[in-house]
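Position one of the sequence shown corresponds to residue 14 (our numbering), numbered consecutively onward.
Just so it is clear, CB atoms sit at the ideal spot from N, CA and C, and this is done for glycine as well.
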Amino acid sequence: MNNNGARNACVHHGRTRAKWILPLDGNIFINEKAWTVLLDNVRNIHGCMIRYVMMPMARILNNDVVLKEGFDPTEAIEEPQVMFRCDAREEFDPGTSYP
14 MNNNGARNAC VHHGRTRAKW ILPLDGNIFI NEKAWTVLLD NVRNIHGCMI
64 RYVMMPMARI LNNDVVLKEG FDPTEAIEEP QVMFRCDARE EFDPGTSYP
């Protein structure tokens with residue numbers, strides 16, 4: 014699969030449309046609590062040179078658990094997702110295939 018090519022297409026598309034681009038892998042779910050934490054963290058990045066935000070990912074085998082009150086994955090050790098600021102110039106390596 015050309016996941017990195019698709020991620021780069023998302024980054025290119027988003028650069029002129031938003032301050033932050035989130036080229037997430039398919040089937041990613043972010044619950045309300047995690048989304049609030051992410052937004053709060055990004056809003057606190059004013060005036061600094063941070064152009065990338067790494068987001069840990071946890072593989073969940075039972076989708077029902079993510080909707081339960083207080084859900085908080087303790088082992089978010091899977092491949093991180095990367096959020097790009099619109100002026101970030103790094104990209105994913107299209108020569109690296111998905112394992």
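Kindly give me the distance between the Cβ atoms of residue i and residue j, rounded to whole angstroms, as I take these residues to be in contact under 8 Å.
{"i": "Pro-69", "j": "Ala-101", "result": "Their Cβ separation, rounded to whole angstroms, is 19 Å, which puts Pro-69 and Ala-101 out of contact at 8 Å."}
{"i": "Pro-93", "j": "Ala-71", "result": "Going by Cβ atoms, the distance from Pro-93 to Ala-71 rounds to 11 Å, so no, they are not a contact pair."}
Helix or strand or just coil, what does DSSP make of residue i?
{"i": "Glu-92", "result": "strand"}
Could you please give the first and the last residue of the uninterrupted alpha helix (DSSP H) stretch that includes residue i?
{"i": "Val-55", "result": "45 to 56"}
{"i": "Val-24", "result": "16 to 28"}
Suppose you measure from the CA of residue i to the CA of residue j; what does that come to, to the nearest Å?
{"i": "Arg-64", "j": "Phe-97", "result": "6 Å"}
{"i": "Ala-31", "j": "Ala-19", "result": "18 Å"}
{"i": "Leu-74", "j": "Cys-61", "result": "38 Å"}
{"i": "Asn-21", "j": "Thr-29", "result": "14 Å"}
{"i": "Asn-15", "j": "Lys-81", "result": "34 Å"}
{"i": "Asn-44", "j": "His-59", "result": "25 Å"}
{"i": "Asn-57", "j": "Lys-46", "result": "17 Å"}
{"i": "Phe-105", "j": "Phe-84", "result": "31 Å"}
{"i": "Asn-17", "j": "Glu-103", "result": "12 Å"}
Using the rule of at least 16 other Cβ atoms within 10 Å of the residue's Cβ for burial, across every protein chain shown, is residue i buried or exposed?
{"i": "Val-50", "result": "exposed"}
{"i": "Ile-41", "result": "exposed"}
{"i": "Pro-36", "result": "buried"}
{"i": "Val-78", "result": "exposed"}
Between which two residues does the beta strand (DSSP E) carrying residue i extend?
{"i": "Leu-69", "result": "Looking at the sequence shown, residue 69 is not Leu but Pro. Taken as a continuous stretch (DSSP letters only), the beta strand (DSSP E) holding Pro-69 covers 65 to 70."}
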